[in-house]
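Chemist:
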Ligand code: ADP
Ligand code: ZN
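This is how it looks when you write it as structure tokens:
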């Protein structure tokens, strides 16, 4: 089993914890001395750097969240001089005003290192040709993965997002073996290639996909793998933590998070106490090595679970299990929590529809209504009776997963807007 940094990746968990303790103690002093924001936050919370003697004291530290980055926009939480910042990025602003993040050269190196480890874990080597179809620019996806791929020593093809036909032509002509993009964009690439008379499975050398930046399901993984003949791996990150950072290993059982760089906690959002291993809670992250914008107990806004057992691949670092969705992606319909990922999970089971969908919420008087628009594929028969049967089968399956009736509406293929980055899955027309 190849590793990028075997001595770190397979380190005894006890030694890792000790390393985390030492880094945490240093970090707390670092942010307190360098950032007026952190000094004020610690003082208000009544905690001094000396109070933190090991990782067991983590609960004594105050939380931070996205709102803090917005309140101190653009760089009030930074811990280095502007001249030590070698690059800025900004979040995509899915949930409000974008936030600015910054990096020192060491921060960029650690980010690329995290991805080189993850790419190696996903079976990539310097012999691979990696197409980076995440957007380049302020979004962290493109440049992040780009430097990870270069660190690995692979050949990088920086297509960025968009211009889908050219993406497919280059993939074929340059013998691309791996691609990084959102799972929704890759689903679109498969379709678009077919329309060009190219089968990704038979006519290209693609063998690995690294997909993330948005929630996706296990059933979409199966569908993608079957249709394109590749192995599809999940990747997670957020701009505040650096960008895309953690990738699954070949076991495909969760993304290895690197404990020498990050300290993950999964907390009960009501009590702020840790949940038992394996249970879903709110993801809270402390960055152990970042210099420009270190984060202390940052509430990422995602619901997640961790598996801390040693992985079959031999890596001892915990695995972040597939994310259900960010807490603010969730919509409440007639008092029931609905994640777009649940709808995707159902739709992917039906070969008669494509994985592109749109949830439309309306309000009729006091009552919420939920409609799911889906596109038919050519696998459906043209008998009207079969349409009705399919519609009611999907509605039935949705009901059993969501505990809620949602009407299914079929629309013509290609009608649902395709996204080159993160897909937009909900149109909420309700007025409150
Ligand atoms: P923004 O917060 O503006 O969308 P980011 O690009 O930093 O900007 O998005 C990070 C968020 O994207 C994460 O907090 C998470 O909700 C989502 N995300 C990223 N990767 C994944 C993944 N593999 N699975 C599920 N959600 C993901
Ligand atoms: Zn593993």
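Numbering (full-length UniProt numbering), first residue to last: 1 to 432. Virtual Cβ for every residue (Gly too), placed ideally from N, Cα, C. Here the structure is a predicted model, which means the values were calculated and not measured.
Quick one: does the C-beta of residue 116 sit closer than 7 Å to a heavy atom of the ligand ZN?
Modeler: no
Chemist: Who pairs with residue 240 in a beta bridge, going by DSSP?
Modeler: The partner list for residue 240 (beta bridge, DSSP) is empty, contrary to what the question assumes.
Chemist: Please name the residue or residues paired with residue 262 in a DSSP beta bridge.
Modeler: 287
Chemist: Within the structure, which residues are defined as neighbours of the ligand ZN by a Cβ-heavy atom distance below 6 Å, reported in chain order?
Modeler: 249, 251, 256, 311, 313 and 315
Chemist: For residue 22, which option in 50, 7, 4 and 386 has the closest C-alpha, if you only look at C-alpha atoms?
Modeler: Among 50, 7, 4 and 386, the Cα nearest to that of residue 22 belongs to 50.
Chemist: Do residue 297 and residue 64 have their C-beta atoms closer together than 8 Å?
Modeler: yes
Chemist: Measure the CB-CB distance between residue 228 and residue 181 and report whether it falls below 8 Å.
Modeler: No; because the gap between Cβ atoms is not below 8 Å, this pair is not in contact.
Chemist: So the candidates are 226, 158, 105 and 57; which of them puts its Cα closest to the Cα of residue 265?
Modeler: 57
Chemist: What is the DSSP secondary structure of residue 252, reduced to helix, strand or coil?
Modeler: coil
Chemist: Buried or exposed for residue 357, please, with buried defined as at least 16 other CB atoms from any protein chain shown within 10 angstroms of its CB.
Modeler: buried
Chemist: Quick check on residue 490: does DSSP put it in helix, strand or coil?
Modeler: Examination of residue 490 is not possible in this model, given that the chain is present from 1 through 432 alone.
Chemist: If we count Cβ pairs, one from each stretch, closer than 8 Å, do we get three or more for the stretch 387-406 versus the stretch 343-351?
Modeler: yes
Chemist: In angstroms, rounded to a whole number, what distance separates the CA positions of residue 183 and residue 19?
Modeler: 35 Å
Chemist: Name the DSSP beta bridge partners of residue 363, please?
Modeler: In the DSSP secondary-structure assignment, residue 363 is bridged to 368.
Chemist: Could you give the DSSP three-state label for residue 282: helix, strand or coil?
Modeler: Residue state, collapsed to three classes: strand.
Chemist: Can residue 333 be considered in contact with the ligand ADP, in the sense that its beta carbon sits closer than 7 Å to one or more heavy atoms?
Modeler: no
Chemist: Look up residue 88 in the DSSP assignment and say whether it is helix, strand or coil.
Modeler: DSSP places residue 88 within a strand segment (E or B) once states are collapsed to three.
Chemist: Do the CB positions of residue 55 and residue 61 come within less than 8 Å of each other?
Modeler: no
Chemist: What's the C-alpha gap between residue 406 and residue 419?
Modeler: 24 Å
Chemist: For residue 412, count neighbouring C-beta atoms within 10 Å of its own C-beta (all shown protein chains included) and say buried if the count is 16 or more, exposed if not.
Modeler: Taking a 10 Å sphere around the C-beta of residue 412, we find fewer than 16 other C-beta atoms and assign the residue as exposed.
Chemist: Hey, residue 176 and residue 157: beta-carbon distance below 8 Å or not?
Modeler: Closer than 8 Å, so yes.
Chemist: Would you call the stretch 289-306 and the stretch 377-390 in contact, with 3 or more CB pairs under 8 Å?
Modeler: no
Chemist: Are residue 285 and residue 245 touching if we call contact CB-CB under 8 Å?
Modeler: The beta carbons of residue 285 and residue 245 sit no closer together than 8 Å.
Chemist: Under three-state DSSP, which class holds residue 118?
Modeler: helix
Chemist: At a cut-off of 7 Å, would you count residue 235 as near the ligand ADP, judging by its Cβ distance to the nearest heavy atom?
Modeler: yes
Chemist: Thinking C-beta only, is residue 352 closer than 8 Å to residue 376?
Modeler: yes
Chemist: Check whether the Cβ of residue 153 sits closer than 7 Å to any heavy atom of the ligand ADP, and report yes or no.
Modeler: no
Chemist: Once DSSP output is grouped into helix, strand and coil, what is the label at residue 411?
Modeler: strand
Chemist: Alpha carbon to alpha carbon, how far is residue 2 from residue 361?
Modeler: 48 Å
Chemist: Is residue 19 helix, strand or coil when you go by DSSP?
Modeler: helix
Chemist: For a quick check, are the C-beta atoms of residue 192 and residue 164 less than 8 Å apart?
Modeler: yes
Chemist: Whole beta strand (DSSP E) runs in the stretch 377-411 with 3 or more residues, listed along the chain?
Modeler: 407-411
Chemist: Residue 232 and residue 211: beta carbons closer than 8 Å?
Modeler: Against a cut-off of 8 Å, the Cβ pair of residue 211 and residue 232 comes out as a contact.
Chemist: Rounded to the nearest angstrom, how far is the Cβ of residue 79 from that of residue 31, given a contact under 8 Å?
Modeler: 6 Å
Chemist: May I have the straight-line CA-CA distance separating residue 25 from residue 9, to the nearest angstrom?
Modeler: 22 Å
Chemist: Nearest by alpha-carbon distance to residue 283: which of 100, 252 and 237 is it?
Modeler: By alpha-carbon distance to residue 283, the top candidate from 100, 252 and 237 is 237.
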